[in-house]
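Engineer: Heads up, the sequence shown stops at 397 in the UniProt record's numbering, and the numbers go up one at a time, no gaps. All C-beta atoms in this analysis are idealised placements derived from N, C-alpha and C, irrespective of residue type, glycine included. As the structure is a prediction and not an experimental result, all values here were calculated from the model.
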Amino acid sequence: MIRSKATTFFIHAAGWLVFLGFPLLFMNRTQQSSAGTYTVLFSPYYWLFCLTYIFMFYLNAWYLVPKFVFRKRYLWYGIIVLLLSGCVYFLQPFDNLLLHNLIKGNKPVATTAPNPQPIGPQITPTGIDSSAPNQQNMPFGPLPHEDLRMQDPSLKPTNRIIFIHQSGNIDMVGLFIFIIVMGLSVAIATVKKWQLTEQMVTRAEAEKAHAELSFLKAQINPHFLFNTLNNIYALSVTNSAHTSESIMKLSNIMRYVTDEVTEDFVLLQNEIDCINDYIDLQRLRLGKKTKLDFEVSGKIDNQKIPPLILMTFIENVFKYGVSKHQPSVINICLRVNGTQMLFICKNTIFEKRPATERKGIGIANNRQRLQHIYPNKHRLDISVADGNYIVELEINA
Numbered sequence: 001m002i003r004s005k006a007t008t009f010f011i012h013a014a015g016w017l018v019f020l021g022f023p024l025l026f027m028n029r030t031q032q033s034s035a036g037t038y039t040v041l042f043s044p045y046y047w048l049f050c051l052t053y054i055f056m057f058y059l060n061a062w063y064l065v066p067k068f069v070f071r072k073r074y075l076w077y078g079i080i081v082l083l084l085s086g087c088v089y090f091l092q093p094f095d096n097l098l099l100h101n102l103i104k105g106n107k108p109v110a111t112t113a114p115n116p117q118p119i120g121p122q123i124t125p126t127g128i129d130s131s132a133p134n135q136q137n138m139p140f141g142p143l144p145h146e147d148l149r150m151q152d153p154s155l156k157p158t159n160r161i162i163f164i165h166q167s168g169n170i171d172m173v174g175l176f177i178f179i180i181v182m183g184l185s186v187a188i189a190t191v192k193k194w195q196l197t198e199q200m201v202t203r204a205e206a207e208k209a210h211a212e213l214s215f216l217k218a219q220i221n222p223h224f225l226f227n228t229l230n231n232i233y234a235l236s237v238t239n240s241a242h243t244s245e246s247i248m249k250l251s252n253i254m255r256y257v258t259d260e261v262t263e264d265f266v267l268l269q270n271e272i273d274c275i276n277d278y279i280d281l282q283r284l285r286l287g288k289k290t291k292l293d294f295e296v297s298g299k300i301d302n303q304k305i306p307p308l309i310l311m312t313f314i315e316n317v318f319k320y321g322v323s324k325h326q327p328s329v330i331n332i333c334l335r336v337n338g339t340q341m342l343f344i345c346k347n348t349i350f351e352k353r354p355a356t357e358r359k360g361i362g363i364a365n366n367r368q369r370l371q372h373i374y375p376n377k378h379r380l381d382i383s384v385a386d387g388n389y390i391v392e393l394e395i396n397a
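As structure tokens, then:
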């Protein structure tokens, strides 16, 4: 947020520096001395020109557009814009800057004619000679500086008083700049509102994703614990000597679930330890007809994964891939290579299941979690081949 504000500030500052520099470059071409730039810079008409458009730009961008355009009060906005254009018509910022610069920079230079000609009618011995040059008979009228001297010979061009509004004059360039400034301010205000809207949508989506992940975790935890308790219940019914060991394994698993699962990511090693405890817990109830193979390969350092992201698939392997009457094969493999991880689990499919058996919610939730956490960075394939149910999960963190 701070970086965005600083970037906006520097963009505005650079834009206005360019805007302030254009009049200096333009007017400097009309100056006849090296001090012309300083003359324009300290001229009140230069600051009248610049501050007029700066004020209207931010008035429109910060107040008028948000208050009227975004609220669809177009009539009031149009009236205010017409009033502002009337202010530009009255102030005539560009014409005043140009006129003041020309008078300041083009002072008349006194010259001495070799044969000065009399001006106006002359009295000669033969009468009044009206053929002498006359100001009113000049084809282009009196020169501007001669006109000033005719009005007041003591008035110099540098002392002439210039009023802000020149009656009968329309500052077309000033009005054109006004239209450009107002259009740019509308565009900038619209882009700013669009960016704020995009930020709000992104924040809302992030909060929604976080809420969904929290809900999914709340669903996964009871699902996992209920299955484990059912396994221990089966051991207790048969008065197995491994009941106490099973309770210890369950204690380790519950500690992991309650302490680690609240985090978004956990160490991969902690997840593997939980899987080992769970598999050891399941081995206690497996018969001789079930062949179980669990393999972990690769260097495990500080890699992190979402908690219970693998446990869901392992639960289903033991839930649906074990039979008391038929032989079954369970293969679980985890290969780690840096930030890449490949998890494969395979179990035998038994066609005849009890009618009350239903599919759990773990896999569907896992799909959503992976989609939220690893968008375009994971691959989850679930397939059936040669009587085996195969799950392949590849994560590129």
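If you follow the beta strand (DSSP E) that phenylalanine 294 is part of, which residue opens it and which one closes it?
Structural biologist: What you label residue 294 is simply residue 294 of the sequence shown in a count that begins at 1. It spans 290-297 - the beta strand (DSSP E) in which phenylalanine 294 sits, taken as one unbroken run.
Engineer: By alpha-carbon positions, which one of His242, Leu292 and Ile309 ends up nearest to cysteine 274?
Structural biologist: Counting from 1 along the sequence shown, the entry for residue 274 is found at position 274. The residue with the shortest Cα to Cα distance from cysteine 274 is Ile309.
Engineer: Please classify leucine 310: does DSSP put it in a helix, a strand, or coil?
Structural biologist: The residue you call residue 310 lines up with position 310 of the sequence shown. DSSP places leucine 310 in coil when its eight states are reduced to three.
Engineer: Return the CA-CA distance between histidine 325 and lysine 289, expressed in angstroms with no decimal places.
Structural biologist: Walking along the sequence shown from the start, residue 325 turns up at place 325. Walking along the sequence shown from the start, residue 289 turns up at place 289. If I take the Cα positions, the gap works out to 8 Å.
Engineer: Which stretch, first to last residue, makes up the alpha helix (DSSP H) that contains phenylalanine 90?
Structural biologist: Reading the sequence shown from its first residue, position 90 is the one you call residue 90. Taken as a continuous stretch (DSSP letters only), the alpha helix (DSSP H) holding phenylalanine 90 covers 74-91.
Engineer: In this structure, how does DSSP classify glutamate 394 when only helix, strand and coil are distinguished?
Structural biologist: For the purposes of this step, residue 394 is taken as residue 394 along the sequence shown, with counting starting at 1. Reduced to three states, the DSSP call for glutamate 394 is strand.
Engineer: Can you give me the start and stop residues for the beta strand (DSSP E) that arginine 335 sits inside?
Structural biologist: Taking the sequence shown and counting its residues from 1, one reaches residue 335 at position 335. Note, arginine 335: beta strand (DSSP E), 328-337.
Engineer: Hey, histidine 242 and leucine 250: beta-carbon distance below 8 Å or not?
Structural biologist: Start at 1 with the first residue of the sequence shown, and residue 242 comes out as number 242. Start at 1 with the first residue of the sequence shown, and residue 250 comes out as number 250. No, they are not a contact pair.
Engineer: Which same chain residues end up closer than 8 Å to isoleucine 272 when comparing Cβ atoms and leaving out the 5 residues on each side of it in sequence?
Structural biologist: On the sequence shown, position 272 is the one that residue 272 refers to. For isoleucine 272, where only same-chain residues beyond five positions count, the Cβ hits under 8 Å are Val296, Ile300 and Leu334.
Engineer: Hey, how far is the Cα of phenylalanine 19 from the Cα of tryptophan 47?
Structural biologist: Here residue 19 refers to the residue found at position 19 when the sequence shown is read from its first residue. Here residue 47 refers to the residue found at position 47 when the sequence shown is read from its first residue. About 12 Å.
Engineer: Relative to the C-alpha of leucine 292, which candidate in Ile330, Pro375 and Gly15 has its C-alpha closest?
Structural biologist: As a first step, residue 292 must be located in the sequence shown, where it is residue number 292. Looking at the Cα atoms, Ile330 is the closest of the given residues.
Engineer: Once you ignore the five residues that flank phenylalanine 318 on each side, which residues in its own chain have a CB closer than 6 Å to its CB?
Structural biologist: The residue given as residue 318 occupies position 318 in the sequence shown. Beyond the five residues adjoining it in sequence on each side, phenylalanine 318 comes within less than 6 Å, by CB distance, of Gln282 in the same chain, given in chain order.
Engineer: By a C-beta neighbour count over all protein chains shown, 10 Å radius and 16 as the cutoff for buried, is proline 116 buried or exposed?
Structural biologist: Taking the first residue of the sequence shown as 1, we reach residue 116 at position 116. Unreliable placement is indicated for proline 116, whose pLDDT of 45 sits below 50; the coordinate value is still reported in the next sentence. Proline 116 is exposed by the Cβ-count criterion.
Engineer: Ignore the nearest five residues each way along the sequence and tell me which others in isoleucine 80's own chain have a CB closer than 8 Å to its CB.
Structural biologist: For the purposes of this step, residue 80 is taken as residue 80 along the sequence shown, with counting starting at 1. Excluding residues up to 5 positions away in sequence, Leu64 and Phe68 lie with their Cβ nearer than 8 Å to the Cβ of isoleucine 80 in the same chain.
Engineer: In the structure shown, what three-state DSSP assignment does tyrosine 63 receive?
Structural biologist: Along the sequence shown, one-based indexing puts residue 63 at 63. Tyrosine 63: helix per DSSP, three-state reduction.
Engineer: Is it right to say methionine 182 is buried, meaning 16 or more other beta carbons lie within 10 angstroms of its own, or is it exposed?
Structural biologist: Residue numbering aside, residue 182 sits at position 182 when the sequence shown is read from its first letter. By the neighbour-count rule (16 or more Cβ atoms within 10 Å), methionine 182 is buried.
Engineer: For proline 327 and chain D, any beta-carbon pair shorter than 8 Å?
Structural biologist: Considering every chain present, this structure includes no chain D. It has just one protein chain.
Engineer: Is isoleucine 305 near isoleucine 395, with beta carbons less than 8 Å apart?
Structural biologist: Here residue 305 refers to the residue found at position 305 of the sequence shown. Here residue 395 refers to the residue found at position 395 of the sequence shown. Against a cut-off of 8 Å, the Cβ pair of isoleucine 395 and isoleucine 305 comes out as a contact.
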